[in-house]
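At the far end of the first sequence sits residue 543, using this note's numbering, and the numbering has no gaps. Some notes on the structure that comes next.
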Amino acid sequence: MGVKLKDIIEPESINFKYLEGRTIAIDAFNTLYQFLSSIRQRDGTPLMDYDGNITSHLSGILYRNASIVEKGMKPIYIFDGKSSQLKKNTVDKRREIRDESEKKWKEALENHDMAQAKKYASRSAKLSPEIIESSKKLLDLMGIPYIEAAGEGEAQASYMVQKGDAWAVSSQDYDCLLFGANRVVRNLTINSNLGNLEFYELKKVLEKLAISQEDLIKMGILIGTDFNEGLYRVGAKTAFKYAKQGKLDESIAKLEKETNQNIDEVIDLFKNPNVNKDYKIKWNKPKTEEALIFLCDEHGFSEDRVVNTFSKLKKLDSSQKSLEDWF
DNA sequence: CATCATCA
DNA sequence: TGATGATGG
Numbered sequence: 217m218g219v220k221l222k223d224i225i226e227p228e229s230i231n232f233k234y235l236e237g238r239t240i241a242i243d244a245f246n247t248l249y250q251f252l253s254s255i256r257q258r259d260g261t262p263l264m265d266y267d268g269n270i271t272s273h274l275s276g277i278l279y280r281n282a283s284i285v286e287k288g289m290k291p292i293y294i295f296d297g298k299s300s301q302l303k304k305n306t307v308d309k310r311r312e313i314r315d316e317s318e319k320k321w322k323e324a325l326e327n328h329d330m331a332q333a334k335k336y337a338s339r340s341a342k343l344s345p346e347i348i349e350s351s352k353k354l355l356d357l358m359g360i361p362y363i364e365a366a367g368e369g370e371a372q373a374s375y376m377v378q379k380g381d382a383w384a385v386s387s388q389d390y391d392c393l394l395f396g397a398n399r400v401v402r403n404l405t406i407n408s409n410l411g412n413l414e415f416y417e418l419k420k421v422l423e424k425l426a427i428s429q430e431d432l433i434k435m436g437i438l439i440g441t442d443f444n445e446g447l448y449r450v451g452a453k454t455a456f457k458y459a460k461q462g463k464l465d466e467s468i469a470k471l472e473k474e475t476n477q478n479i480d481e482v483i484d485l486f487k488n489p490n491v492n493k494d495y496k497i498k499w500n501k502p503k504t505e506e507a508l509i510f511l512c513d514e515h516g517f518s519e520d521r522v523v524n525t526f527s528k529l530k531k532l533d534s535s536q537k538s539l540e541d542w543f
């Protein structure tokens, strides 16, 4: 879910042209959840191969990345590492909702209510180890690099933008702004070019609100993050009001007292996140033959489609120098 | 979600 | 040619 900052920050509207030639650090778990929840049939059944393995995520990765690369962007995927103990409540709550949704999905199917079935099926999506492994394998075959975060994927991606190794983070969550990512892209989907491709520049966000990065972190904490419960009935607007009134610290103190949480730990998690600083990024030549075995032979994809889609990946091969590298 | 076929 | 709905795996 992430921190709900939407009500106080205005996105810039951009198009793909703006992202051409840019390295985009994509939050892998965030993206995989989107694919798994939305790439489904009308009754909510995900795409599957003959053996019953879920393949929705492979479909999403294949087609979206081919398009991203064709448009001249350079994607890197960032996978979550070990999640913080502070996130335990959030993780537990999500699992509960998932399990509940799975039951409701089956109930809806028995009642032949397809709309409800689809709704609850999408909420029941979960990332199994097989899904994560097969996603990494496909990225590899496409020549797209991925990195394992030490902790939170968003923290790692944000660090990489700060270092200049990526130009922006792509994630649906606003948490990256708390982690200090200079640039964040939302809604990076193929059909987002007309209208809803959102762009946030942290520096401009802070300037416009006239607050510091630390203020933003504290506001996020008052609203509630994956790592702490927020103050009751405090959303983005109220938190911003507190910032303007100079009441952030007293509100944090109140939160600590009322909910018995150590907020210093949460602030530290955002300011000094656990990140992997030793990573390398390299785009490789796509392995089309191997991909055909993996996707078509093993997972039932159409050969024509895979061949056609892989032909869009040519730009990625860093051994093939592009024009700008020559000058 | 992304692609494809179809229809105006 | 672009909007719409079914299909993909």
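We put the CB at the ideal spot given by N, CA and C, even for glycine.
query	result
Start and end residues, beta strand (DSSP E) containing residue 292	290-295
Pick from 295, 296 and 281 that is closest to residue 289, judged by C-alpha positions	281
Sheet register partners of residue 363 (DSSP bridge)	294
Beta bridge counterpart(s) of residue 416 as assigned by DSSP	400
Neighbour-count burial assignment, residue 398, 16 or more Cβ in a 10 Å radius	buried
Collapsed DSSP secondary structure at residue 345 in the structure displayed	helix
Alpha carbon of residue 480 to alpha carbon of residue 490, nearest angstrom	15 Å
At least 3 beta-carbon pairs within less than 8 Å: the region 322-340 vs the region 244-261	yes
Cβ neighbour criterion (16 or more within 10 Å) applied to residue 448	exposed
CA-to-CA distance, residue 412 to residue 403, given in whole angstroms	7 Å
Sequence-distant residues of its chain with Cβ nearer than 8 Å to residue 354 (five each side left out)	274, 277, 278, 507, 510 and 511
contact_flag[the region 409-424, the region 440-457] where n(CB pairs < 8 Å) is 3 or more	no
6 Å Cβ shell around residue 401 - same chain, five flanking residues per side excluded	384, 386 and 415
Counted within 10 angstroms of its Cβ, other Cβ atoms place residue 338 as buried (16 or more) or exposed	buried
Residues that residue 449 bridges to, as DSSP identifies them	Partner(s): none; residue 449 has no beta bridge.
Continuous beta strand (DSSP E) stretch holding residue 475: start and end	Where residue 475 is concerned, there is no enclosing beta strand (DSSP E), although the alpha helix (DSSP H) it sits in stretches over 464-475.
Between the CA atoms of residue 369 and residue 500 - distance to the nearest angstrom	22 Å
CB-CB length for residue 309 against residue 367, believed under 8 Å	At roughly 19 Å, the Cβ-Cβ gap does not stay under 8 Å, so residue 309 and residue 367 are not in contact.
Residue range of the beta strand (DSSP E) that includes residue 426	Neither: residue 426 is in no beta strand (DSSP E) and is coded neither H nor E.
Residues of its chain near residue 378, where Cβ-Cβ distance is below 8 Å and the 5 sequence neighbours each way are ignored	396, 397 and 398
Bridge-paired residues (DSSP) for residue 386	242 and 401
One or two residues paired with residue 256 in a DSSP bridge	262
C-beta atoms of residue 468 and residue 452 nearer than 8 Å	no
Residue interval of the alpha helix (DSSP H) (run including residue 299)	Residue 299 -> no alpha helix (DSSP H), and no H or E assigned at all.
From 302, 300, 342 and 240, residue whose alpha carbon lies closest to that of residue 318	342
Proximity below 8 Å, CB of residue 232 to CB of residue 287	yes
Proximity of residue 497 and residue 329 at Cβ, strictly below 8 Å	no
Chain-order list of residues whose beta-carbon lies under 8 Å from that of residue 256 (same chain, five-residue window excluded)	262, 263, 272, 334, 337 and 338
Residue 338 (DSSP reduced to helix, strand or coil)	helix
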